[in-house]
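Listed in order, the protein sequences are those of chains A and B. For the first sequence, our numbering gives the first residue as 4, with consecutive numbering after it. For the second sequence, our numbering gives the first residue as 1046, with consecutive numbering after it. All residues carry an ideal CB built from backbone N, CA and C; glycine is no exception. Note that the coordinates shown come from a computational prediction; the quantities given were computed from them, not determined experimentally. These notes are about the structure you will find just below.
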Amino acid sequence: MMEVTEMKVGQRAEITGYMETEAGYRAKLLALGLTRGAMIELIGVAPMGDPLRLKVRGFELSLRRSEAAILKLKAVEE
Amino acid sequence: MKQRKVTAALVGNPNTGKSTFFNAWTGLHQVTGNWPGVTVEKLLGEIDLPGGDQMTLVDLPGIYSLHAVSEDERVASEYARGGEADLIINIVDAVNLERNLYLTLALMELGKPMVMVLSMTDILERQGFKVEMGALAERLGIPVVSANIQRRASRQTLERAVQEALATKQRQVRVVYPESLNQAFLKAWREGEPEVRAVHRLEGIIPGAEAVIASVEAVLGTTPDVLIADARYDKIAELTRGIVKQVARARTEFGRTLDRFVLNRWLGIPIFLGIMYLLFWFTQVVGGCFIDFFDVLGDTVFVSGLGNVLTLCHAPDWVVTLLADGLGTGVQTVMTFIPPVFFIFLGLSLLEDSGYMARAAYVVDRFMRLLGLPGSAFVPMLVGFGCTVPAIMATRTLSNRRDRLLTIFMAPFMSCGARLPVYALFGAAFFGLASGTMVFAIYLSGILLAVFTGVLLKHTLFVGDPAPFILELPLYHIPRVGTVFKQAWERLRHFVFRAGKVMALMVLLLSVCDKITVPNFYAPECENAAPISIVEMGGRALAPVFTPMGVERENWQGSVALIIGLFAKEQVVSALNTLYAIETTAGTEGQLTASTSELASETDSLPDEIAPESVPTWATTRAAFAEGIVNAFATIPEAVAGLLGTMLDPLGVSIFASEYEQAVKVMETLARADRSVEQRAAGLAKLDAVLGMESLHTALAEATVTRDAIAQQVVQNPELQSSLDAANATLEDVVTQLRHASELRRFAMALAEQTGGNEALVAAFKDKVEAYYRDSMSAELESDASLMETLRTKFDHDKNRAFAYLLFVLLYVPCLAAMATVVREIGWGYGMILFSYLTILGWCVATLYFQITTGHTLTWVVTPCAILAAVAAVFYAIGRKTKVKLVV
């Protein structure tokens, strides 16, 4: 298991679940397609190191490091 | 056939081209309003369906799901779930089909008739793909049509689909939820209500199933909303299989390449700053070109025009004062804000529509988080350096109410352009060469106090968690002119008719107070002094309050000017100017005259009052009206001519004329060897424009005529001698200016005649320009010398005293226009909190600064600190009380 904060740019990972969090934030991520089994790719980091730029289900999404840490991930072997 | 009235809700994800579609369908048949209890805008459109039915289309804010966090989302979710809409029109972005279908499924569960409108198909096609709309419609069981309804035929297809949906009972697509949730559904369901309510309870959209959610989490190890979302996305995968077909080879994506630069680790911030600079320049400078137009127009029509007409109709004086000077001035004030507000919205719509806005928020989010704000709050802050009014309006782009309030509370700290003349005056009088540093220190103080305010409010008044940051980075596209203008226009209209109303009333109140006079209690008893206005009276009564910050009692003008500054902060300068001038003359002639408003109008663009002895006739009124209109239009080309020069100085920090620098540049070009005859001629023409030869000649002619006319009258009426002197002085000034300009022009002519480059001539020219520049500067200073001297005396030749005063000017309640805008946007409650906070903070900071540097009175160091502590305590108490409302 790993967290978003451990990902490197260009790396892909599979979402395996959510850590305990405020329901509103989770609901939004779920609606955006960050469901279990979905793949995310870290495609960039903002100039000051935060937030992150992720690719999910064909579109780009920006999340803050600390907030996105609620995603439980599994690294994908390339 | 009976005509039916139906209501349809337009629902979709953000960035799906929803507004474009709404505008294309409803055209001009739109009305705006507000959702009850919130500041979210409500947009309605009327559509005549082919069968004769009438449909009201309600444009809802963009949402990703029915789970609402922000105010906008709650409005959209509640309306979609509620019973008001007969039909749901779901706009779906073809490029992000999967994600958009998530909302579609949630909407279909509501069981209402539905039509799906597919947008962005052109972009998808450019990427080489195509959506099989027929197959999708069949699988979903609802009509699917294209959002591109420019053509008549496709519009008819859409309208037929709407009727079809209304007529048929919708076949439901069933999402198969995991069996493990069955028990939970039953427990969350209440007898007699639709099943979908149980789903919403488990998702947490509506409360009432907290215990069930907890037990599911305990048993299955995950909350039900995750399971529900999984099931929906499984369904979506099934629905979309084979629906999106590759029809061509994908072309290289321009947006990817662009993002490589725009979001680059090193280039990201410079590009961001560059674009923000352009936005600022566009709003302040380009927009600023039209301010004088609206100002003069407003005066011509609503102030002097209306005043003249009323006088001619024999209206009583108080009616003229109330309507023309009061309400008219109010309307005029609102009008002067039309250009900056419109241009900021034009700029913002442009950035939003192109897709850059989201990227800007991404780039600066980390930095803005230091202030406790999201990245998108940067724009309002920046705009605040130009004018607070559009800055407050720009906070409308922030979706979270807490962030919005915080941003509005911090925006007035960004020192706006109107305060600059005040700094400039004091800079010239007290700081000399260090003026620049002083102005910089003021701006910096504003920013630091904004940060202080942000930290204070975060922990007291607006306590609670900041909104999490979830930002979609949409694809770039070329902004659509129609949409951008439409959006800017909508927002401008909102400003004029909502904030404008409050603004006009506030100005009316203050103007009337400025006109009503009371006996002067302050004048020495032996003299029969002229009455003073209520405003002046109030200012003098308040003077003791300002003593601790260094405005002594003898300097009551300083305190009156602060009240006049409520009209607009730059009026502090003209008020001081006039009030000090009165006192100087009063010393010699022994009487006080003139109300402050008369003075303000003398120096500023406020209405030229009708001189008491000249009674207007219809003819003069008509002539004045025509002239006013002509003058109003004349301001535009004048302003536009100076546009390019401001590119490098949008704040107007270098207040001193740059025309002579421009002249030097023209000269240098002329001196270059490779110029053709035509280019030289063009250069000369440009020089004439820079030097303003034409207007100088006109001024000369006018001044001569005026002088001669007065000279004739003086023969009969020796009392007019002083006007003659004034006219002579004006004439002399014009002649001097013209002489200098002509001299510069002669140099240019000489250069133009030479064929080769001539460095020596250019150097001589430069010397000349510098000499002229020095002369005109010192001449300007000389005319102000007496004002400067009075100012220095009044402020005890003390830089710290002056600086404390400027700190107060920076901080105390913003001008009436900004106040009205704030009230419109956040209501009287928070508005009053903001105004009181600003004024109290201004007083405390100014007093602390003055007492620490000059005053050295312990009481006045302790008191401000105690007051600030009390303010923090009050904020803390209010914050705890209203906490719940803000977080929802």
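DSSP, read as helix, strand or coil, puts A/I73 in coil.
Straight-line measurement puts the Cα of B/L1489 at about 21 Å from the Cα of B/V1617. Annotated three-state conformation of B/K1214 is coil, per DSSP. Between the C-alpha atoms of B/T1452 and B/P1425 there is a straight-line separation of about 8 Å. B/S1399: member of the alpha helix (DSSP H) spanning I1383 to S1399, first to last residue. Counting only residues of its own chain and dropping the five nearest sequence neighbours on each side, B/R1752 has a CB closer than 7 Å to the CB of A1772, N1773 and L1776.
Not one beta carbon of chain B lies nearer than 7 Å to the beta carbon of A/K77. Cβ-Cβ separation between B/G1352 and B/V1365: approximately 6 Å, consistent with a contact (criterion under 8 Å). B/T1267 reaches chain A at G20, Y21 and R39, counting residues in chain order whose Cβ is nearer than 9 Å. For B/E1517, the chain A residues whose Cβ falls inside 9 Å of its Cβ are L35, F62, E63, L64 and S65, in order along the chain. In the structure shown, B/F1347 falls within a helical segment according to DSSP collapsed to helix, strand and coil. The three-state reading of DSSP puts B/N1762 in coil, since its state is none of H, G, I, E or B. Under the three-state reduction of DSSP output, B/E1777 falls in the helix class. Boundaries of the beta strand (DSSP E) harbouring B/E1517: I1515 to L1518, taken from the DSSP string. Residue state for B/D1559 is assigned as helix, using DSSP reduced to three classes. Under the Cβ criterion of 7 Å, A/G27 is counted among the residues facing chain B.
A distance below 8 Å between beta-carbons, with the five flanking residues on each side excluded, links B/I1251 to the following residues of its chain, in chain order: R1242 and H1245.
In the three-state DSSP reduction, A/K11 falls in the coil class, being neither helix nor strand. Under the Cβ criterion of 7 Å, B/V1261 is not counted among the residues facing chain A. Between the segment 49-59 of chain A and the segment 1401-1410 of chain B there are three or more C-beta pairs closer than 8 Å, enough to call the two in contact. Boundaries for B/M1594: no beta strand (DSSP E) harbours it, and the DSSP string shows neither H nor E there. For B/S1110, the C-beta contacts it makes with chain A under 9 Å involve A30, K31, L33, A34 and L35, in order along the chain. The alpha helix (DSSP H) runs lying completely inside the segment 1140-1197 of chain B and spanning 4 residues or more are 1142-1153, 1166-1171 and 1178-1185, given in chain order. Counting along the chain, A/R56 sits inside the beta strand (DSSP E) bounded by residues L55 to V59.
Residues of the segment 1105-1133 of chain B that bring their beta carbon within less than 7 Å of a beta carbon in chain A comprise Y1109, S1110, H1112 and V1114, in sequence order. In the pairwise beta carbon analysis, the segment 1132-1143 of chain B is classified as touching the segment 1050-1066 of chain B: at least three pairs are separated by under 8 Å. For B/M1100, the three-state secondary structure derived from DSSP is strand. A straight-line Cα-Cα distance of about 39 Å links B/G1179 and B/L1265.
For B/A1233, no CB of chain A lies under 7 Å from its own CB, so it is not counted at the interface with that chain. When C-alpha distances from B/A1613 are compared across B/L1163, B/M1165 and B/L1855, the shortest belongs to B/L1855. Scanning chain B for C-beta atoms nearer than 9 Å to the C-beta of A/A16 yields nothing, as the closest lies near 17 Å away.
In this structure A/S65 touches B/L1516 by the C-beta definition: roughly 4 Å separates them, less than 8 Å. When rounded, the separation of the alpha-carbon atoms in B/E1262 and A/A72 is 20 Å. Taking B/M1794 as reference, the option from B/A1130, B/D1733, B/T1835 and B/L1073 with the minimal CA-CA separation is B/D1733. By the Cβ test, the segment 1086-1101 of chain B is in contact with the segment 1189-1207 of chain B, since at least three Cβ pairs between them sit closer than 8 Å. Not a single C-beta of chain B is nearer than 7 Å to the C-beta of A/M42.
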